[in-house]
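J.: Quick note, my numbering runs 145 ahead of the 1-based positions in the sequence shown.
Just so it is clear, CB atoms sit at the ideal spot from N, CA and C, and this is done for glycine as well.
Just so it is clear, the structure is predicted and the values come from calculations on it, not from any experiment.
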Amino acid sequence: MTLLIHPGFHKTGTTWLQEQLFSDKALFNMMMSHVEIDSLIVRPHDFDFDAGPARFQVAEKLSSSQAVNVLSSEILVGNPFYGSRDAVGLAHRLHAIAPDARILLTIREQGAMLRSLYQQYVKRGGSLPIRKFLNQQCEPGYFGFAPDIFRYERHAALYAKLFGAKSVLVLPQELLARNPRRFVDLLLRFSGHPGLPDDHKLSADRPGKSFPPGGTPLIRLANHLRPSVLHPGGPRASRWIGESLLRLGYFCNIGNSRQRRQWSAVVNPLRDGYAASNRALQPYCPVSLEEFGYVMEDNTEG
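1. Measuring straight from C-alpha to C-alpha, what distance separates residue 417 and residue 440?
2. Starting from residue 148, follow its DSSP beta bridges and name the residues at the other end.
3. At the level of alpha carbons, what is the spacing between residue 406 and residue 394?
4. Less than 8 Å between the C-beta atoms of residue 359 and residue 401, yes or no?
5. Distance check for residue 342 and residue 290, CA to CA, integer angstroms please.
6. On the three-state DSSP scale, how would you describe residue 340?
7. Among the residues of its own chain, which have a CB less than 6 Å from the CB of residue 447, if the five just before and after it don't count?
8. Going along the chain, which unbroken runs of the alpha helix (DSSP H) with 4 or more residues stay wholly within the region 313-400?
9. Check whether the Cβ atoms of residue 234 and residue 169 sit closer than 8 Å, and answer yes or no.
10. Could you pull the DSSP bridge partners for residue 256 from this structure?
11. Rounding to the nearest angstrom, what Cα-Cα distance links residue 335 and residue 195 in this structure?
12. Going by DSSP, which residues form a beta bridge with residue 251?
13. Counting only runs that start and end within the region 193-248, where is the beta strand (DSSP E) found for 3 or more residues in a row?
14. Could you have a look at residue 290 and say whether DSSP puts it in helix, strand or coil?
15. Can you tell me whether residue 447 is helix, strand or coil according to DSSP?
16. I'd like to know whether the C-beta of residue 294 is nearer than 8 Å to at least one C-beta of chain B.
17. Using the beta-carbon count (16 or more within 10 Å), is residue 283 buried or exposed?
18. Taking DSSP as the reference, what is the three-state secondary structure of residue 174?
19. Skipping 5 residues on each side, what residues in its chain have a beta carbon closer than 7 Å to that of residue 431?
20. Would residue 315 pass as a contact of residue 426 if the rule is Cβ separation under 8 Å?
21. Where residue 242 and residue 176 are concerned, what is the direct C-alpha to C-alpha distance, given to the nearest angstrom?
22. Which residue wins for smallest C-alpha separation from residue 198, given the options 182, 361, 255 and 333?
23. Quick one: what's got a C-beta closer than 8 Å to residue 185's C-beta in the same chain, skipping five residues either side?
24. So, under 8 Å CB-CB, residue 301 and residue 250 are touching, yes? Tell me the CB distance rounded to an integer number of Å.
25. In the DSSP assignment, what are the bridge partners of residue 153?
26. Which residue comes first and which comes last in the alpha helix (DSSP H) that contains residue 300?
27. How big is the Cα-Cα spacing for residue 167 and residue 150?
28. Among 158, 159 and 173, which one has its Cα closest to the Cα of residue 340?
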């Protein structure tokens, strides 16, 4: 059975895919955990990376049944908080491990993606306002978020060059939300599976929602008062205050509309810049991206 590699993107329903769909042993065979993928593929320095151990583990865990063998982790497209600068190198590592694999890229309309990623950044301990986060000016040798990482066509074209254009499928998160059965059927058939059986029930569980926009100022303040993933050296003496503000932020709906307007003022100009990218991406996707709200460059001449 085909090996399907799902390298991301972040914020595209990956938690549901990994915890609910790809863990369904009637349809899929999950081959590595996030920890194993990090240890064998992502974390090794370029000087140290060896495809052999990961290749051996894939060979050991390949299922000969009808279930689709799958390797899935959004860390395989790099860390977006720092511009996903290792995305190209990781694609080459995956090709060295499994050159005959098929590639699934899950995407999200860039405006929604930018807003969701900013919330994830704040959730993980970031304290920059959205304008500074999305338009970071870093000192030489240091890196922050780069909007070009969501020019999805560059990722699709890279994987097409490595694995072959027919081995790359792009599916939007919006299709998963609107019609999960069609989403799953498309990816199963792409993977060489007969498709989703009519009587097969998909999990209705969905990951918990993020904090409301109105809670953003409270959580940004909290992130100055506690240690976090992005700020491990944060003060411990005031941690209890930070944790209290963090919890309060998840219930604060005051200012939701104002925050959304502020976010839109920053996000919309960036969103409009993806039109050419989305047009170039469309051949890899079997459904109309424009119908799901993706801004598209006019492909008519004259």
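T.: Taking the coordinates as given:
1. 7 Å
2. 214
3. 18 Å
4. yes
5. 41 Å
6. coil
7. Because the pLDDT at residue 447 is just 44, under 50, the model does not fix this residue reliably, and the point stays unresolved.
8. 318-323, 325-335, 361-367 and 384-394
9. no
10. Paired residues: none, contrary to the question.
11. 29 Å
12. 316
13. 213-217
14. coil
15. Reliability fails at residue 447, whose pLDDT of 44 lies under 50, so the model's placement of it is uncertain and the value that follows must be treated cautiously. Of the three classes helix, strand and coil, the one that applies to residue 447 here is coil, per DSSP.
16. The question asks about chain B, but that chain is absent: this structure has only one protein chain.
17. exposed
18. strand
19. 331
20. yes
21. 13 Å
22. 182
23. 177, 198, 199 and 202
24. 6 Å
25. 250
26. 297-308
27. 11 Å
28. 173
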